[in-house]
Structure formats: C-alpha cells, structure tokens
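Oh and the sequence shown: position 17 is 5 in my numbering, straight run, nothing missing.
We treat Cβ as the ideally placed atom computed from N, Cα and C, and that holds for glycine.
If you're wondering where the values come from, they're calculated on a predicted model, not measured in any experiment.
Below is one structure, written out as structure tokens; comments come after it.
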Amino acid sequence: MAKPIQKVVILGGGAAGWLTAGTLAAEHLSAQPDGLEVVLVESPDVKILGVGEGTWPTMRATLNKMGIKEADFIRECDAAFKQGAKFCQWTHNDKQDFYYHPLVLPHNFNQINLAQYWSNEYELSFADAVCPQSQLCEQGLAPKQISTPEYAHVANYAYHLDAGKFTQFLKKHCLERLGVQYIQDHIDSVQGDPNSDIKGLVGRKSGLISGDLFIDCSGFAARLIADHYQVAHISQKNVLFNDTAIAAHVKYPQPDSPIASHTVSTATANGWIWDIGLQSRRGVGHVFASDYVSHAEAEQQLIDYITATSEMNADEISCKTLNLNPGYREKFWVKNCVAIGVSAGFIEPLEASALVLVELSAAMLSENLPADRAVMEIAAKRFNETFNYRWQRIIDFLKLHYCISQRDDSNYWRDHRDPASWPESLSELLAMWQYQGPWKKDFTHIEEVFPSASYQYVLYGMGYQHKTHSRASRTRQQLHLAQAGFAQNQQITEKMLAHLPAHRRLINHIIQA
Ligand SMILES: Cc1cc2nc3c(=O)[nH]c(=O)nc-3n(C[C@H](O)[C@H](O)[C@H](O)COP(=O)(O)OP(=O)(O)OC[C@H]3O[C@@H](n4cnc5c(N)ncnc54)[C@H](O)[C@@H]3O)c2cc1C
-11 MAKPIQKVVI LGGGAAGWLT AGTLAAEHLS AQPDGLEVVL VESPDVKILG VGEGTWPTMR
49 ATLNKMGIKE ADFIRECDAA FKQGAKFCQW THNDKQDFYY HPLVLPHNFN QINLAQYWSN
109 EYELSFADAV CPQSQLCEQG LAPKQISTPE YAHVANYAYH LDAGKFTQFL KKHCLERLGV
169 QYIQDHIDSV QGDPNSDIKG LVGRKSGLIS GDLFIDCSGF AARLIADHYQ VAHISQKNVL
229 FNDTAIAAHV KYPQPDSPIA SHTVSTATAN GWIWDIGLQS RRGVGHVFAS DYVSHAEAEQ
289 QLIDYITATS EMNADEISCK TLNLNPGYRE KFWVKNCVAI GVSAGFIEPL EASALVLVEL
349 SAAMLSENLP ADRAVMEIAA KRFNETFNYR WQRIIDFLKL HYCISQRDDS NYWRDHRDPA
409 SWPESLSELL AMWQYQGPWK KDFTHIEEVF PSASYQYVLY GMGYQHKTHS RASRTRQQLH
469 LAQAGFAQNQ QITEKMLAHL PAHRRLINHI IQA
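Here is the structure:
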C-alpha cells in the first residue's frame, strides 16, 4: 500500500486541533512550497469545549517549537504561571488540611531519594522539606525573575490560560505564520469503507476534502474514530466516578489583586472544586459524580465556595454545566486516522492531564510521521501501545488521590477507598509501597506523564506511612547526604523567597514590556 504522506487533514478546531496543526506544520515546514500540507476543518455549528485552563510544563516547549513568543502568549491568552497544585481537604474533611503537588523534582533527585529519610514526624511537610516551590506558592511568588529569559525558569512552571483565547491565539499563529490551511465547514459524512483508509471528509459546503492522513480532533463527537471506525470506548466510571462539571468565572475584588501561581483543588463530599487564577479573573468549577449528589446541591456547593472566597454575591454567578464521559478509546490510531484530544478519551481534569496528552500525541505523531503509507501500520502500533500505557498510568495516578484519603463523610469517599474500585495496576503498586516508596524503577517509560516524584508528593502529602523503613536510611554516609540535602533545600528556598517577584508583578511587567 505504498503512497507518500503529503496532506494531513485535521477535523476540529479546539485546543487539540490547533496544537496538533501547529506542531505538525512547524516541524514539517508547511509554510514552504514543498512542506507538508496541513488542513484544519472546523464546524461553524459545533462549539469548542472552551474549558481547560491548567497545563503542564511541557506546554513551554510546545509553544516554543511553534515559534511563539512567550510574552505574546501571556498577553493574548490572559495567561498566568502555574507552579503546581494545592490539594485542600483531600486527606481529612478539615479546613486546615492541605498538601502540594509542585512541578519541581525533590532536591538532588538524580542522586538521592530524600523520601527515604523524611517521615511524618519531620518538622516540615514533605514538599517543604524537599523543594522550594510549595513555599513560593504560599507566598504568591513568581517562578522566575523579571530578567529570566522567555521559557526559562528559576522554579519549573506551566501556565493557567483562558481556553477560548488560547484557541483563537493558536489559530491566528497557525494561519499567519505556519502555513496551515483552514476550512470552516460542517462534516456530514466520510468517504471510505470502515475496513480501509479514509479517502476524504465530505463538507456541507466544500464537498470532498481529500487527504493522506486524518486526525480526529472533533471532541466528544469523535466523528471519525467512533462514528466511522466504531472503536470502542473503555469506560472508567467505575474507577473515577465524576461525570459532571459546573464551571463559573469569578471576578477579582481589584484589577491588581494577587494571582495564585498554583491551582487550588478543594475536595467536597462528592467531588472537588478547581480554582485557577488568570490575569483578569478566576476560573472555578465543581467536578462531581451525579450518582452521589444532585445537580442542584453540587451547584449550591460551588456557589457557596465562590461567595466564601470572593466578593461576588450568589445572584452575580453564572454557571455552565458540562457532561463528562470518563474513559478512553481501545485504539487511537486506526488505518489512516489518529484520534487526539477528547475524541481519544477524557478523564476528570484533576491533574490537568488532557492538554499534556494532546501535546505528547502531536509530538509523537510529528516525530514519527510515516513518510509513506507502507509503514503506517508500524507507526500506528507504536502509537497505540504508548498511549494505552499513558492512559492507564494517568488513571492510576488520579485514583491514588482518592484511594489513600481518610475521608469517611460520604458514600462517595467510602466507595473510592474501597479496593474493589482500584485498577489492578494501582493495587499492585500500593502493595509494593507498603514496604518501599515509589522510585524510578516503578515508572520506566521515557516521558512518563507523572514520574515517581509526583507519586511521592501525593503519597507523603497525604500522610501515607510505610510499614517498614528502608535499609538505605541506616547507612551513616547516606544519612549524612540526606541531611545535607534537606539543609541545602532550605537555603535555596530562603534565597528564592527573598529574590523572586510577586506573581502579579511579573505578569504586569511582561504584558507592559
Ligand atoms: C470541565 C473541564 C475542565 C477541564 N480542565 C482541563 C484542564 O485544566 N487542563 C487540561 O489539560 N484539560 C482540561 N480539560 C480538557 C480540555 O478542555 C480539552 O482537552 C481541550 O479543550 C481539547 O478539546 P478538543 O479540542 O479535543 O475538543 P473541542 O474543544 O470540543 O473541539 C472539537 C472541535 O471539533 C469540531 N467538530 C465537531 N464535530 C464536527 C463536524 N461534524 N464537522 C466539523 N467540525 C466538527 C468542533 O467545531 C470543534 O472545533 C477540561 C475539560 C473539561 C470538560
């Protein structure tokens, strides 16, 4: 089946569509006459999701590779810096209870596993003991200096962004700079037999849009991967119960109010509330399980949260409901069609894992883009294996936040803590971790979405106790190294606390410069 791959057609103009278009077009020189032809088709009638405000540090490299200036992105997308997530009331239903999942690795992570020397009796929380970032967040500081170059960091960071503005920004960049072609049309049907390649998409106005490779970024519609190829959806609702989100925008009391440089995620009786600070507003939403709480009650919990944390009155708050279907496709690449974004799968946005999966999918596709149809099956097999693994690891990691909780105030939490609802792979890890904590051997793939450091932050942040202490901590030399590591981290933390600017100040500087 030899045929050169010269034209890629992307169905869908949400964040997944434009990130994929930008990644392919930048790497395969679409703006040049002999570059890869990239065409994006978007329906004028189907709105984009327009939510998704938390990202992962990979976004810096993704934007940089597309030739985007960080300052332009921050100015146009109402963006702010994100240094991790603060999880409140996840371990106990107690307003004092919180822990951080920061974005920096524990101090000297490549030389020593400080987690082996830290215990719940230590004077500092795990995150504070091993990295500076939780304290930077608590103090509302930026992750870099005013003089730090674009995309470089003092403390590792991602972004919070306005999803609607981000999509428009990417679209403009892709069309004006990267040579992506755009067709606004609704796709009614697909030309091609479901047992073979897609020949083209049939638009209401434009007729046949032909191509060599088709990317399904059509969101929950999953127009190609599900409607055309009938690839099964593997539901995860029995593991991650949340299936509804209610989102709202929250005004700052003053235009120059401080901006949090971390996501705040507060557990409720039947879900959790996200709180994300942008330049001009906060984005807040309640993700919950409709099997356990009514829509009206969940909405009231969100309104109570907003009125308690802002100066808004209940009658000023306007809410938008989104129905979620947790799960992922059995395969992501079939014949000459690849699903990226929500069409490939959706899991609650607890750790902002959706856009990072889009970036990783677009990057793998771009790097391994088969030059000829003859080798496409091999590329598809590798892609499917990689993303099957990634979805399973993400599900394990999200479930970990629930299953080691000590909350007992609702059936929701009791059911989450019931081992019958845990994936087997997570049960195995937890069985091992009773005796030895998470370390690099547990996660061996390159570009793990959540490395062992992430598991350490969640486990020890939630007060997890091993049954035995590792023997490694008994050697004098190792103990000395660990003590030095903890002390060095405190020195670095003090230095950063003294020198980094307030988050709002850095943002103002960037948008004014
Ligand atoms: C409540 C909530 C919170 C979230 N928070 C985060 C977060 O913090 N971080 C994160 O990484 N992700 C988050 N996500 C996920 C994130 O929103 C998505 O990953 C992201 O928006 C990408 O969506 P998409 O492009 O796949 O689909 P969509 O935005 O739905 O785009 C689909 C596109 O397909 C087009 N289309 C559909 N059918 C047709 C057709 N027949 N013909 C032509 N065009 C068609 C539409 O017009 C549209 O352009 C969140 C999601 C939800 C629901």
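- By a beta-carbon distance limit of 8 Å, lysine 387 contacts tryptophan 410. Their separation comes to about 6 Å.
- Each residue's CA atom was taken as its position, placing aspartate 66 and cysteine 119 some 28 Å apart.
- Rounded to whole angstroms, the separation of the alpha carbons of histidine 216 and alanine 210 is 9 Å.
- The criterion of a C-beta distance shorter than 8 Å is not satisfied by phenylalanine 320 and phenylalanine 385.
- Every beta strand (DSSP E) of 3 residues or more that sits fully in the segment 21 to 72 is shown, in chain order, as 25 to 30, 68 to 70.
- A distance below 8 Å separates the beta carbons of alanine 3 and phenylalanine 154.
- Looking at Ile383, Lys225, Gln394, the one whose alpha-carbon comes closest to that of glutamine 453 is Gln394.
- According to DSSP, asparagine 311 shares a beta bridge with Thr232.
- Per the coordinates, the alpha-carbon of asparagine 108 lies some 59 Å from the alpha-carbon of glycine 188.
- Annotation for histidine 95: Leu102, Val118, Cys119, Gly473, Gln476, Asn477 place their beta carbon closer than 7 Å to its own, counting only its chain and skipping 5 residues before and after.
- If only uninterrupted alpha helix (DSSP H) runs of at least 4 residues are considered, those enclosed by the segment 354 to 401 are 364 to 391.
- Contact annotation: the segment 225 to 240 touches the segment 311 to 320, with at least three C-beta pairs closer than 8 Å.
- Runs of alpha helix (DSSP H) with 4 or more residues, each lying fully within the segment 145 to 178, are found at 151 to 164, listed in chain order.
- A contact between stretches requires three or more CB pairs, one per stretch, nearer than 8 Å, and the segment 142 to 150 meets this requirement with the segment 30 to 46.
- Following the DSSP letters along the chain, one finds tyrosine 293 inside the alpha helix (DSSP H) bounded by residues 283 to 297.
- Boundaries of the beta strand (DSSP E) harbouring isoleucine 264: 259 to 265, taken from the DSSP string.
- In the displayed model, arginine 317 falls within a strand according to three-state DSSP.
- Taking the Cα of threonine 456 as reference, the smallest distance to any Cα among Leu467, Leu124, Ala419 is reached at Ala419.
- Glutamate 287 has its CB no nearer than 7 Å to any heavy atom of ligand 1.
- For lysine 483, the uninterrupted alpha helix (DSSP H) segment begins and ends at 464 to 487.
- In the three-state scheme derived from DSSP, where H, G and I count as helix and E and B as strand, alanine 327 is classed as strand.
- A direct Cα-to-Cα measurement between phenylalanine 371 and glutamate 138 gives close to 32 Å.
- Looking from the CA of serine 198, the closest CA among Ile434, Leu467, Val(-3), Tyr423 belongs to Val(-3).
- For aspartate 279 and threonine 254, the gap between their C-alpha atoms comes out near 20 Å.
- The segment 348 to 363 and the segment 297 to 306 do not touch, with fewer than three beta-carbon pairs separated by less than 8 Å.
- In the three-state DSSP reduction, isoleucine 498 falls in the helix class (H, G or I).
- Remark: fewer than three beta-carbon pairs, one from each stretch, lie closer than 8 Å, so the segment 270 to 290 and the segment 171 to 178 are not flagged as touching.
- In terms of Cβ geometry, threonine 50 and glutamate 339 do not form a close pair [threshold 8 Å].
- Put simply, the backbone Cα of glutamate 111 is about 47 Å away from that of glycine 5.
- Nearest in C-alpha terms to arginine 270, of all of Lys239, Ala327, Phe61, is Lys239.
- For the pair isoleucine 335 and isoleucine 382, the CB atoms are nearer than the 8 Å cut-off.
- In the DSSP assignment, the residues bridged to proline -8 are Asp360.
- In the three-state reduction of the DSSP assignment, serine 113 falls in the coil class, being assigned neither a helical nor a strand state.
- Taking C-beta atoms under 8 Å as the contact rule, valine 446 and histidine 404 fail to qualify, at a distance of about 14 Å.
- Boundaries of the alpha helix (DSSP H) around serine 440: 440 to 449.
- Boundaries of the beta strand (DSSP E) around alanine 255: 251 to 256.
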